[in-house]
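Chains as they are written, first to last, in this note's numbering: chain L, 3 to 346; chain D, 3 to 346; chain Z, 3 to 346; chain W, 3 to 346.
Structure first, commentary second.
There are 4 protein chains.
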Amino acid sequence: MIKVGIVGGTGYTGVELLRLLAQHPQARVEVITSRSEDGVKVADLYPNLRGHYDGLAFSVPDVNRLGACDVVFFATPHGVAHALAGELLATGTRIIDLSADFRLRDAEEWSRWYGQPHGAPQLLEQAVYGLPEVNREAIRSAQLIAVPGCYPTATQLGLIPLLEAGLADPAQLIADCKSGVSGAGRGASVGSLLCEASESMKAYAVAGHRHLPEIRQGLNLAAGQPVGLTFVPHLTPMIRGIHATLYANVKDRSVDLQALFEQRYAAEPFVDVMPAGSHPETRSVKGANTCRIAVHRPQGGDLVVVLSVIDNLVKGASGQAVQNMNIAMGLEETLGLSHPALMP
Amino acid sequence: MIKVGIVGGTGYTGVELLRLLAQHPQARVEVITSRSEDGVKVADLYPNLRGHYDGLAFSVPDVNRLGACDVVFFATPHGVAHALAGELLATGTRIIDLSADFRLRDAEEWSRWYGQPHGAPQLLEQAVYGLPEVNREAIRSAQLIAVPGCYPTATQLGLIPLLEAGLADPAQLIADCKSGVSGAGRGASVGSLLCEASESMKAYAVAGHRHLPEIRQGLNLAAGQPVGLTFVPHLTPMIRGIHATLYANVKDRSVDLQALFEQRYAAEPFVDVMPAGSHPETRSVKGANTCRIAVHRPQGGDLVVVLSVIDNLVKGASGQAVQNMNIAMGLEETLGLSHPALMP
Amino acid sequence: MIKVGIVGGTGYTGVELLRLLAQHPQARVEVITSRSEDGVKVADLYPNLRGHYDGLAFSVPDVNRLGACDVVFFATPHGVAHALAGELLATGTRIIDLSADFRLRDAEEWSRWYGQPHGAPQLLEQAVYGLPEVNREAIRSAQLIAVPGCYPTATQLGLIPLLEAGLADPAQLIADCKSGVSGAGRGASVGSLLCEASESMKAYAVAGHRHLPEIRQGLNLAAGQPVGLTFVPHLTPMIRGIHATLYANVKDRSVDLQALFEQRYAAEPFVDVMPAGSHPETRSVKGANTCRIAVHRPQGGDLVVVLSVIDNLVKGASGQAVQNMNIAMGLEETLGLSHPALMP
Amino acid sequence: MIKVGIVGGTGYTGVELLRLLAQHPQARVEVITSRSEDGVKVADLYPNLRGHYDGLAFSVPDVNRLGACDVVFFATPHGVAHALAGELLATGTRIIDLSADFRLRDAEEWSRWYGQPHGAPQLLEQAVYGLPEVNREAIRSAQLIAVPGCYPTATQLGLIPLLEAGLADPAQLIADCKSGVSGAGRGASVGSLLCEASESMKAYAVAGHRHLPEIRQGLNLAAGQPVGLTFVPHLTPMIRGIHATLYANVKDRSVDLQALFEQRYAAEPFVDVMPAGSHPETRSVKGANTCRIAVHRPQGGDLVVVLSVIDNLVKGASGQAVQNMNIAMGLEETLGLSHPALMP
């Protein structure tokens with residue numbers, strides 16, 4: 003039984019980790035920290051967990067208690083993992099960080115986008131970007147795993163088959179992405195109120211969103227050269243789900259794109275390439291760790307449209323984190339993650 | 003491994019059965035029938051099931067194939083189980099009927115409310131009402147189980163502690179119930195369109211809803227006498243969930259209602275009596291087989307208010323059906339049903 | 003042209019006043035105050051108002067500027083009108099207060115429910131409760147009008163015909179009320195987030211809600227004696243709308259309740275008694291100043307069920323405030339309020 | 003007072019016409035037709051209209067009664083206006099057709115996309131495409147007006163300033179559009195059920211949507227040459243609203259795009275170019291006849307992103323139809339259309 007610690011478990015990725023780990027046959031949450039909720043039982047904050055974690059209460063972060071765990075998840079705002087990771091790694095535990103702290107290889111770029119100095123640049127070399135479909139081998143032996151963001155997961159999985167195959171023109175890629183409101187977190191903000199965010203649709207951060215450099219970094223690697231990417235996120239009136247609509251120019255019309263995608267993901271347990279002509283719905287992955295993808299070439303033109311959907315809290319955060327844990331701990335990769343989506 | 007058949011699996015209770023049974027370690031769906039979808043793979047109709055039932059396709063109902071199953075669920079409109087049950091029971095299989103066909107003990111009353119003759123009155127004697135919290139022993143040996151309706155489950159679980167204890171005045175009970183739209187089924191009807199049912203609230207069937215006689219029958223049994231019940235259902239702009247707000251006069255102010263409810267359900271795995279002062283949310287049971295209950299006596303008056311929430315598709319239908327299967331087949335009652343609700 | 007001032011216009015009742023007054027042919031907003039948004043144009047905070055109030059910006063409250071208006075609306079949290087009303091009334095302007103400050107006749111009771119001393123008990127005598135269907139004559143000459151709360155409006159309009167006629171047993175009245183989330187205001191609170199309040203239903207404040215004494219006060223007056231009232235509010239996953247489901251015992255079965263309601267409201271421009279057997283939907287009044295009512299006597303029993311729906315921001319707040327203004331200023335009562343609801 | 007007829011008034015564009023015309027000071031609905039609802043009062047089908055059209059009932063289409071009107075709106079499925087328009091025009095009335103029947107100049111192309119022969123090719127020459135921002139002069143004297151579709155309105159208004167100025171590369175334009183569910187109409191279909199369409203996002207008709215040729219036709223005209231357009235519509239979990247996210251390559255970085263858009267629409271009463279850096283929300287136009295637009299050039303690159311929002315039932319259908327009526331009848335263009343959007 004793997005001993006698990008969670009730092010910062012009061013937000014949506016925290017409660018989602020608890021939901022998923024409650025069903026995991028080989029993991030047990032030993033510690034969950036929150037400064038603001040110290041002493042509160044997790045089931046009092048999240049009544050869906052009543053009966054599942056009755057002994058577990060939030061506690062103030064303590065390196066000794068966390069260090070005694072086999073794996074420590076960080077479900078924290080950016081900056082927190084920077085501060086604690088070094089000390090924790092010294093205890094020998096593994097860190098799986100759901101925040102953005104170790105996703106960018108370049109500390110300077112991180113600093114530019116997050117508006118503060120990078121707090122642990124010396125750890126970047128050992129940090130592994132936790133996208134199993136790209137980095138599985140490195141994850142197996144990683145001590146510090148940076149779980150990809152939600153938009154980056156949906157976008158990279160949709161575009162890398164084209165880029166790895168050298169088919170897409172890297173100069174102009176577009177990711178028009180639509181996210182449910184849970185992507186904004188559980189903080190009390192006017193913009194996330196039901197009365198503000200429901201019955202409406204809007205783009206935001208068109209000038210530049212923090213996930214842009216992360217996506218670009220991954221696409222650069224897949225393309226083997228710098229790509230030009232335009233990323234437009236939209237707030238969508240639903241709780242969960244990301245729908246990435248991806249545009250790439252593919253001049254070569256002789257290639258069988260459907261076969262390309264199917265082959266690229268043939269061995270992947272959590273990527274589902276749908277039949278040609280499909281339109282994946284975000285609800286088909288609600289609560290599940292699956293990314294569903296469909297490839298289109300409308301009117302047989304140069305512009306290829308890839309549709310890629312995930313649940314931002316599962317494959318886009320906590321589910322992918324558990325998938326990383328399974329890989330890193332030598333477990334079956336799908337353990338605790340094989341339930342179907344909730345539909346309707 | 004229990005062999006399962008499902009008659010009429012294209013509606014919401016059908017797909018929910020498939021979702022729950024996909025996670026059940028001791029059951030396997032062998033047959034699923036639908037005349038209209040004959041030959042279609044279940045995963046083509048319900049993409050959330052892709053990867054879970056890849057070999058399974060809908061087929062035309064066939065008594066031999068169904069009879070070879072250990073358990074056959076009916077997830078059909080009323081009248082269908084009447085027609086098939088007799089023949090099927092003769093094969094020795096168990097029937098767990100999610101429709102209303104065998105819920106009422108009185109064939110005449112059934113006929114009045116459903117506007118057609120009862121199709122199998124000779125089977126009523128052996129039919130067991132599948133509310134485990136009341137009928138667990140009878141369910142163990144039942145061949146024909148009538149799974150309670152959604153409103154009846156939430157309402158009965160909320161009121162029977164008061165009635166069994168003889169505390170509530172049986173002359174005037176009120177059930178003001180709010181249901182998500184999935185209770186109306188997957189049929190294409192204008193009233194269930196997103197543009198008609200979202201951003202709105204309404205009562206319906208105030209003059210008399212088909213669940214009224216079913217609830218009354220259960221409450222009569224609990225009270226040991228005929229009760230007077232007013233039942234007002236409301237359509238609520240959400241997919242899943244029932245919130246029953248129940249009103250009963252309890253003159254005796256010396257009784258500890260919180261303790262009464264806690265004791266009544268102390269051994270029940272799927273009824274959660276919340277702490278005094280709680281307000282259960284339907285989302286706290288979304289996708290889970292749990293009924294959460296809170297008891298209030300506002301301003302210390304005579305009128306007791308019980309709040310009872312379930313997921314209408316789980317504890318109000320398919321989850322309760324699986325719970326019945328577990329009991330009837332001698333399995334652990336919680337098998338395949340122990341996952342937490344999806345929240346947020 | 004009536005000169006209008008608005009104190010505290012940044013919340014939902016404030017922007018709704020602006021929306022309604024933009025269509026009002028005889029009123030013009032001269033001043034709108036907000037300490038936090040001083041200098042900000044109203045159209046910058048509320049883009050739906052772009053093109054309608056391009057010269058209008060929030061300013062710090064100033065008694066001279068407000069006093070120069072013919073009418074001053076307060077769309078503020080409780081306590082603010084207490085502090086300003088006396089000084090403003092001295093300037094000769096009329097006050098129409100949308101907050102709870104002057105709704106209760108009894109300063110002690112106000113203090114008990116709002117947890118602070120009443121700040122202006124000396125003004126209570128001149129305050130008029132602004133429910134036109136009850137108090138129209140007093141409103142005509144009022145200087146200080148307390149606009150009823152949203153739950154109180156829907157509940158009183160639904161129950162007073164029965165109470166005024168002496169038909170309902172006053173000892174036990176029940177108001178099971180469902181409100182959209184805008185009733186909680188525009189403040190950033192976790193409970194009002196889309197991810198917390200959508201796809202869910204819950205009761206709240208069952209032990210006692212601040213609208214209880216206000217409703218009871220109005221019903222006492224209608225009944226001519228103290229009533230026993232149980233009031234259970236529920237949070238419903240929609241933006242606007244209140245659905246009050248009201249229960250009263252009416253022993254006399256000879257009375258024609260439909261006719262009673264139709265006669266009571268025959269001359270009322272904003273109360274619509276629907277045909278017998280109707281189920282009013284909240285969306286049928288979305289954005290409109292109408293209360294729609296239907297009366298039922300299920301199964302011909304003693305318990306009468308009244309269904310009453312309003313838009314909490316219109317007939318439950320800002321629309322009723324404008325209706326009061328029209329009456330008090332001698333205008334046609336329906337001016338600026340005659341547009342149909344937005345449906346779908 | 004203009005006498006108005008409406009053919010096919012039972013759908014969402016029909017009821018929206020009634021809502022808007024109820025507030026129009028110079029128009030009066032004399033006839034409204036529906037074969038299926040013959041004899042039913044409009045207020046019985048649409049309770050939001052109770053008190054507004056109490057004498058008006060649906061009737062079977064009759065050319066004499068319609069021909070006696072000054073203007074006849076068609077709010078019908080495609081093909082209906084083809085069949086009736088010729089005969090009606092002969093009576094001298096004006097036709098404002100909200101369907102797709104006369105939008106495409108090329109009868110062959112119409113036939114290809116709609117899967118049936120064009121029913122009135124001889125009328126195409128006199129048909130005027132009713133986008134006032136492009137065709138105002140022609141509308142003034144038109145007898146037959148084809149009201150643009152919802153996606154075409156939002157997309158054309160967003161792209162034509164760039165194309166008219168010769169700034170955008172016409173070879174590759176992208177319209178990634180998100181629509182509320184009311185765009186699918188009021189027909190009972192499984193895909194539009196609340197339980198299917200809420201809490202989810204999906205693209206549809208990526209291979210080719212019927213609005214594609216209409217948008218292309220308008221953009222060709224603006225560009226003065228054939229354009230290459232990829233159009234991907236998405237179903238969004240809300241009732242009303244279209245959000246068009248438009249991508250165009252603009253190599254010239256010296257041009258002030260903000261000024262370009264502001265100048266293009268300076269005299270337009272229903273196009274609001276928002277300040278630089280804005281992100282228009284669909285709710286800011288809910289119920290209003292406004293198109294709000296913002297222009298972005300992310301990271302200062304070649305790709306320009308235009309955000310364009312409308313209410314699909316107003317500026318995308320019935321509001322634009324009334325705007326056309328005002329122009330064609332010589333009234334003030336904004337008459338009956340000047341109310342603000344409903345927000346929240």
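Every residue gets a Cβ at the ideal spot worked out from N, C-alpha and C, and that includes glycine.
- Rounded to the nearest angstrom, the Cβ distance from threonine 247(Z) to valine 307(Z) is 7 Å, consistent with a contact under 8 Å.
- Beyond the five residues adjoining it in sequence on each side, leucine 159(Z) comes within less than 7 Å, by CB distance, of Glu135, Val273, Cys293, Ile295 and Ser310 in the same chain, given in chain order.
- For the stretch 184-201 of chain W, the set of positions with a beta-carbon nearer than 7 Å to some beta-carbon of chain D reads Ser184, Arg188, Ala190, Ser191, Val192, Ser194, Leu195, Leu196, Cys197, Ala199, Ser200 and Glu201 in chain order.
- Straight through space, the alpha carbons of alanine 85(D) and glycine 121(D) are spaced by roughly 6 Å.
- Put simply, the CB of tyrosine 14(Z) is near chain L, with a gap under 8 Å to one of its CB atoms.
- If the five residues before and after glycine 53(W) are omitted, its C-beta is found closer than 8 Å to the C-beta atoms of Ala45, all from its own chain and listed in chain order.
- For aspartate 258(L), no beta strand (DSSP E) run applies, since DSSP gives it neither H nor E.
- Using a CB distance below 9 Å, the part of the stretch 225-248 of chain Z facing chain L consists of Pro239, Met240, Ile241 and Arg242, ordered along the chain.
- Excluding its 5 nearest sequence neighbours in each direction, proline 172(W) has C-beta neighbours in its own chain below 8 Å: Leu165, Leu221, Ala225, Gln227, Pro228, Val229 and Gly230, listed in chain order.
- Remark: C-beta atoms of proline 150(D) and leucine 161(D) do not approach each other more closely than 8 Å.
- In this structure, the beta-carbon distance from valine 6(L) to alanine 29(L) falls below 8 Å.
- Residue burial annotation: serine 256(D) is exposed, with fewer than 16 other C-beta atoms found within 10 angstroms of its C-beta.
- Only residues of its own chain outside the window of five on either side were considered, and among them Pro215 have a CB closer than 7 Å to the CB of glutamate 111(L), listed in chain order.
- Proximity of lysine 180(D) to chain Z, defined by a Cβ-Cβ separation below 8 Å, is satisfied.
- Rounded to the nearest whole angstrom, the CA to CA distance from arginine 218(D) to tyrosine 153(D) is 11 Å.
- Between the stretch 178-193 of chain W and the stretch 277-289 of chain L, the count of C-beta pairs closer than 8 Å stays below three; the two stretches do not touch.
- Non-local beta-carbon contacts of tyrosine 206(Z) in its own chain, meaning distances under 8 Å to residues more than five positions away in sequence, involve Pro235, His236 and Leu237 in chain order.
- The continuous stretches of beta strand (DSSP E) do not include glutamate 334(L), and DSSP gives it neither H nor E.
- Around the beta carbon of aspartate 313(D), 16 or more other beta carbons lie within 10 angstroms, which makes this residue buried.
- The Cβ atoms of alanine 77(D) and threonine 157(D) do not sit closer than 8 Å to each other.
- Around the beta carbon of asparagine 50(L), a 10 Å sphere encloses 16 or more other beta carbons of the protein chains shown; the residue is thus reported as buried.
- In the three-state reduction of the DSSP assignment, glutamate 32(L) falls in the strand class, which pools E and B.
- Counted as a single uninterrupted DSSP element, the alpha helix (DSSP H) harbouring threonine 15(L) occupies residues 14-24.
- Sequence-distant partners of serine 101(Z) (beyond 5 residues in either direction) whose C-beta falls short of 6 Å from its own C-beta, in its chain, are Phe76, Thr78, His80 and Ala83.
- If you draw a 10 Å sphere on the C-beta of threonine 12(W), you find 16 or more other C-beta atoms in it, and that means buried.
- Looking at Ala319(L), Ile176(L) and Leu315(L), the one whose alpha-carbon comes closest to that of methionine 345(D) is Leu315(L).
- Isoleucine 4(L) and arginine 142(L) have their C-alpha atoms some 16 Å from each other.
- Taking a contact as a CB-CB distance under 8 Å, the pair asparagine 326(L) and isoleucine 147(L) counts as one, their CB atoms being some 5 Å apart.
- Close to chain D, meaning a Cβ-Cβ distance shorter than 9 Å, are the following residues of the stretch 272-284 of chain L: Asp274, Met276, Pro277, Ser280, Pro282 and Glu283.
- Of all residues in the stretch 50-66 of chain Z, only Asn50, Leu51, Arg52, Gly53 and His54 place a beta-carbon less than 7 Å from a beta-carbon of chain W.
- Chain-ordered, the chain W residues with CB closer than 8 Å to the CB of leucine 344(Z) read Arg21, Asn50, Lys288, Gly289 and Leu344.
- Only those residues of the stretch 321-342 of chain D whose C-beta falls short of 7 Å from the nearest C-beta of chain L are listed: His341 and Pro342.
- DSSP places threonine 232(Z) in the uninterrupted beta strand (DSSP E) bounded by 231-237.
- Sequence-distant partners of glycine 88(Z) (beyond 5 residues in either direction) whose C-beta falls short of 8 Å from its own C-beta, in its chain, are Ala122, Gln124 and Leu125.
- As a beta-bridge residue in DSSP terms, histidine 245(L) pairs with Lys180(L) and Val311(L).
- Between lysine 43(L) and alanine 24(L), the C-beta spacing is not below 8 Å.
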